[in-house]
Amino acid sequence: MFGLAHVLFADTRFVISATALGGLFIGSFLNVLIYRLPLMLEAAYAYPHEQESLGAGQLPSTPVTLATPVAPLTLATPRSHCPACKRPVRPVENIPVLSYLFLRGRCAGCQARIPLRYPLIELGSALLAAGAAWHFGPTLQLAGALLLLWALTALFFIDLDHQILPDCLTLPLLWLGLLFNSFAAFVPLREAVWGAVAGYAALWSIFWIFRLFTGKDGMGYGDFKLLAALGAWLGWAPLLPIIVLASTGAAVVGLWQMRLRDTGHEQIMAFGPYLAVAGAVALFWEMGRWVGNLMLI
Numbered sequence: 001m002f003g004l005a006h007v008l009f010a011d012t013r014f015v016i017s018a019t020a021l022g023g024l025f026i027g028s029f030l031n032v033l034i035y036r037l038p039l040m041l042e043a044a045y046a047y048p049h050e051q052e053s054l055g056a057g058q059l060p061s062t063p064v065t066l067a068t069p070v071a072p073l074t075l076a077t078p079r080s081h082c083p084a085c086k087r088p089v090r091p092v093e094n095i096p097v098l099s100y101l102f103l104r105g106r107c108a109g110c111q112a113r114i115p116l117r118y119p120l121i122e123l124g125s126a127l128l129a130a131g132a133a134w135h136f137g138p139t140l141q142l143a144g145a146l147l148l149l150w151a152l153t154a155l156f157f158i159d160l161d162h163q164i165l166p167d168c169l170t171l172p173l174l175w176l177g178l179l180f181n182s183f184a185a186f187v188p189l190r191e192a193v194w195g196a197v198a199g200y201a202a203l204w205s206i207f208w209i210f211r212l213f214t215g216k217d218g219m220g221y222g223d224f225k226l227l228a229a230l231g232a233w234l235g236w237a238p239l240l241p242i243i244v245l246a247s248t249g250a251a252v253v254g255l256w257q258m259r260l261r262d263t264g265h266e267q268i269m270a271f272g273p274y275l276a277v278a279g280a281v282a283l284f285w286e287m288g289r290w291v292g293n294l295m296l297i
């Protein structure tokens with residue numbers, strides 16, 4: 001049995017295919033996480049704050065309301081269902097990508113359109129997993145790269161939709177980076193620790209300098225924590241290229257949006273998605289090694 005496992009994991013095509021297949025199902029879970037986690041956080045935040053506004057022994061005159069009315073919600077319950085007709089999604093209708101194609105992008109009950117983003121996230125998760133398997137092979141690095149890439153995917157879409165980077169994702173991601181690098185999976189532990197410190201300090205400094213000169217907040221504290229997490233995984237060396245790449249992407253998209261809307265008004269723009277993309281690029285292109293080599297020239 002162990003001999004068969006050794007042969008299979010020595011086969012690059014098997015490793016890539018198996019990892020991509022797992023990535024499809026993780027992508028399905030990411031869809032749930034991206035949709036439900038912000039609602040769970042909103043519910044957890046809203047109820048205590050309404051209670052604080054009431055006097056002793058008082059009851060709220062109206063129930064706590066959310067942007068989307070939900071029953072008590074977790075990542076596991078209630079079962080996935082159509083938001084239009086509330087029909088539960090059957091297991092056969094929940095197969096990543098294939099079910100979307102079989103149903104032609106519509107609910108089997110009420111024929112409401114299923115957002116194209118769901119299968120695209122599943123497919124993207126599989127492609128990222130396959131790319132990581134091809135790049136790192138069956139190693140500890142592959143396990144870490146998959147966790148990092150899937151977390152960045154979730155953070156990308158949550159920040160894009162809600163302009164938040166939840167601590168319950170960014171902080172465990174930071175500690176996981178330090179844990180993996182305690183085995184020197186990507187960089188030595190010392191570089192990982194300094195990467196976390198430098199990542200947070202860099203954006204914290206930019207935030208306060210920008211605020212000093214403009215009186216405005218240029219980004220949120222979640223961005224500091226996300227860059228700190230990237231530093232914990234990749235070390236301090238790729239942080240500057242990550243910041244430059246993310247800032248360039250944000251500037252280009254921001255100018256493009258202003259041109260489309262034909263307005264000079266300021267638009268709220270999440271910076272987390274650009275950090276997430278830049279972090280994934282740094283992971284695959286090993287920017288830290290490039291920077292280290294440049295410093296030796």
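Heads up: the sequence shown begins at 1 in UniProt numbering, then just goes up one per residue.
Just so it is clear, CB atoms sit at the ideal spot from N, CA and C, and this is done for glycine as well.
DSSP-derived helix/strand/coil call for residue i
i, result
"Leu66", "At Leu66 the pLDDT is 44, less than 50, meaning the model places this residue with poor confidence and gives no usable figure here."
"Arg90", "coil"
"Gln58", "No answer about Gln58 holds up, because its pLDDT of 49 lies below 50 and its placement is not dependable."
"Arg106", "strand"
"Cys79", "First, the residue type needs correcting, since residue 79 is Arg and not Cys in the sequence shown. Correct three-state label for Arg79: coil."
"Met1", "Bear in mind that a pLDDT of 49 at Met1, under 50, signals an unreliable position, so the number given afterwards is only what the model happens to contain. It is coil, neither helix nor strand."
"Gln51", "Low confidence applies to Gln51: its pLDDT is 48, below 50, so where it sits in the model is not reliable, and the reading given next is rough at best. Looking at Gln51 - three-state DSSP - the assignment turns out to be helix."
"Ile297", "Any answer about Ile297 is weak, because its pLDDT of 49 lies below 50 and its placement is not dependable; what the coordinates show is given next. Of the three classes helix, strand and coil, the one that applies to Ile297 here is coil, per DSSP."
Beta carbon of residue i nearer than 8 Å to that of residue j
i, j, result
"Gly249", "Tyr274", "yes"
"Leu73", "Leu39", "yes"
"Leu148", "Trp236", "no"
"Pro238", "Ala282", "yes"
"Ile114", "Arg106", "yes"
"Ala196", "Ala228", "yes"
"Ala202", "Ile243", "yes"
"Gly144", "Ala198", "no"
"Phe271", "Ala251", "no"
"Ala84", "Ala112", "yes"
"Trp150", "Ile26", "yes"
"His135", "Phe284", "yes"
"Ser182", "Leu176", "no"
"Leu212", "Ala192", "no"
"Val89", "Arg104", "no"
Residue i beta carbon near the ligand SAM (any heavy atom closer than 7 Å)
i, result
"Val15", "Annotation note on the ligand SAM: not contained in the displayed structure, which lists no ligands."
Option nearest residue i by Cα separation, candidates the options
i, options, result
"residue 302", "Gly144, Thr77, Leu101, Ala130", "Because residue 302 is not part of the residues shown, which for the chain are 1 to 297, the question remains open."
"Phe156", "Thr170, Thr19, Gly144", "Thr170"
"Phe14", "Ile242, Glu286, Asp161, Ala133", "Ala133"
"Leu128", "Tyr118, Ala112, Ala154, Leu146", "Leu146"
"Val92", "Leu101, Leu173, Cys85, Leu189", "Leu101"
"Ile158", "Phe284, Ile16, Ala192, Leu37", "Leu37"
"Ile206", "Leu41, Ile16, Leu240, Leu152", "Leu240"
"Ile268", "Leu116, Leu152, Leu160", "Leu160"
"Thr153", "Arg117, Ala184, Val187, Asp11", "Arg117"
"Trp194", "Phe210, Leu174, Leu212, Arg211", "Leu174"
"Ala18", "Leu178, Arg211, Ala126, Gly218", "Ala126"
"Cys110", "Thr77, Met258, Leu98, Lys86", "Lys86"
"Phe186", "Glu286, Thr77, Pro78, Tyr45", "Glu286"
"residue 313", "Asp217, Ala20, Ala184", "Nothing about residue 313 can be reported from this structure: the residues present for the chain run from 1 to 297 only."
Q. Contact between the region 28-39 and the region 131-147: three or more CB pairs below 8 Å?
A. no
**Q.** Validate contact between the region 12-32 and the region 110-125 using beta carbons, cut 8 Å, 3 pairs
**A.** yes
Q.
Count Cβ pairs between the region 165-185 and the region 220-228 that sit closer than 8 Å; are there 3 or more?
A. yes
Q. Where in the region 136-213 do unbroken runs of the alpha helix (DSSP H), each at least 4 residues long, occur, reported from the N-terminal end onward?
A. If we require 4 residues or more, the alpha helix (DSSP H) runs fully inside the region 136-213 come out as 140-162, 167-181.
Q | Ordered list of alpha helix (DSSP H) runs contained in the region 237-285, each at least 4 residues | A | Taken in chain order, the unbroken stretches of alpha helix (DSSP H) that lie wholly in the region 237-285 and span 4 residues or more are 239-261, 272-285.
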